[in-house]
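**Student:** Structure provided below as structure tokens; questions to follow.
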Amino acid sequence: MAAAGQVVVGVSGSLASLAALRVAARAARDSGRVLVAVLAWEPPEGEVLYVRNPDSAWAARCARDASSRLDRAFEEAFGGTPPEVTVVRRVVRSRPDPCASWPRTRTTSWSSAPARGLVGPRSAARCRRTPAARS
């Protein structure tokens, strides 16, 4: 039976985020939680410039590229979807957070309170200063 909550990890494709993805998958498997892998993206020119000249076709292409990057991260980390773990892949249009590759345990709904319970390879001193990173 699956435990309540999720293990949430930000993915960028960097070596650190691939390591965090592996740690998060292990934590999700060991606790019986769902693994939620999130890749955040924004238009290459940033949202401010995009608003001046919006192009929905360009935005759709960026979203597809982000989805491909997330799929590629799973291929590089596991050779596909990790076994014995329920995985949810989310691609969100938002500015990527430098501390987001820390796996976090989420016991509330996706849209409510921030995730807690950090483990991972990122700089602890830098990431612990953010409100979402405090337990």
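In the numbering used here, the protein residues as written are 610 to 744.
Beta carbons: idealized from backbone N, C-alpha and C, even for Gly.
Being a predicted model, the structure only gives us computed values, none of them experimental.
1) Quick one, are the C-beta atoms of Arg-638 and Glu-693 less than 7 Å apart?
2) On the DSSP letters alone, give me the boundaries of the alpha helix (DSSP H) that Val-660 sits inside.
3) Relative to the C-alpha of Ala-647, which candidate in Ala-682, Pro-691 and Gly-689 has its C-alpha closest?
4) I need the straight-line Cα distance from Val-696 to Leu-630, nearest angstrom please.
5) Nearest CA to the CA of Arg-678: which residue from Gln-615, Leu-627 and Val-616?
6) So the candidates are Ala-636, Val-657 and Cys-671; which of them puts its Cα closest to the Cα of Trp-650?
7) Please report the straight-line C-alpha distance between Trp-719 and Val-617, rounded to a whole angstrom.
8) What are the partner residues of Arg-698, as DSSP defines its beta bridges?
9) Consult DSSP for Val-620 and reduce its assignment to one of helix, strand or coil.
10) Exposed or buried, which one is Pro-723 when buried takes at least 16 other CB atoms within 10 Å?
11) So, is Pro-691 buried or exposed, given that buried needs 16 or more other C-beta atoms within 10 angstroms?
12) Per DSSP, what kind of secondary structure is Ala-625 in: helix, strand or coil?
13) What separation, rounded to the nearest whole angstrom, lies between the Cα atoms of Asp-674 and Ala-668?
14) Cβ atoms of Arg-642 and Gly-619: under 7 Å apart, would you say?
**Tutor:** Quick answer:
1) Taking the first residue of the sequence shown as 1, we reach residue 638 at position 29. Taking the first residue of the sequence shown as 1, we reach residue 693 at position 84. Yes.
2) Residue numbering aside, residue 660 sits at position 51 when the sequence shown is read from its first letter. Where Val-660 is concerned, the enclosing alpha helix (DSSP H) stretches over 655-661.
3) Position 38 of the sequence shown, counting from 1, holds the residue named residue 647. Checking the displayed sequence, the identity of residue 647 turns out to be Val instead of Ala. With distances taken between Cα atoms, Val-647 lies closest to Ala-682.
4) Numbered from 1 along the sequence shown, position 87 holds the residue referred to as residue 696. Numbered from 1 along the sequence shown, position 21 holds the residue referred to as residue 630. Computed Cα separation, rounded: 11 Å.
5) The residue given as residue 678 occupies position 69 in the sequence shown. Comparing Cα positions, the closest option is Leu-627.
6) For this step, residue 650 is matched to residue 41 along the sequence shown. Of the candidates Ala-636, Val-657 and Cys-671, the one whose C-alpha sits nearest the C-alpha of Trp-650 is Cys-671.
7) Numbered from its first residue, the sequence shown carries residue 719 at position 110. Numbered from its first residue, the sequence shown carries residue 617 at position 8. Its pLDDT being 40, under 50, Trp-719 is placed unreliably by the model, and the measurement read from it follows with that caveat. Approximately 10 Å between the Cα atoms of the pair.
8) Counted from its first residue, the sequence shown places residue 698 at position 89. Its beta-bridge partners are Ala-646.
9) As a position in the sequence shown, residue 620 is number 11, starting the count at 1. If DSSP states are grouped into helix, strand and coil, Val-620 belongs with coil.
10) For the purposes of this step, residue 723 is taken as residue 114 along the sequence shown, with counting starting at 1. Note on Pro-723: pLDDT 40, under 50, position unreliable in the model; no value is reported.
11) Here residue 691 refers to the residue found at position 82 when the sequence shown is read from its first residue. Buried: at least 16 other Cβ atoms inside 10 Å.
12) The count along the sequence shown starts at 1 and reaches residue 625 at position 16. Reduced to three states, the DSSP call for Ala-625 is helix.
13) Counting from one through the sequence shown, the residue named residue 674 turns up at place 65. Counting from one through the sequence shown, the residue named residue 668 turns up at place 59. Looking at the two C-alpha atoms, the distance is approximately 10 Å.
14) Residue 619 sits at position 10 when you count from the first residue of the sequence shown. Residue 642 sits at position 33 when you count from the first residue of the sequence shown. No, these two residues do not count as a Cβ contact at 7 Å.
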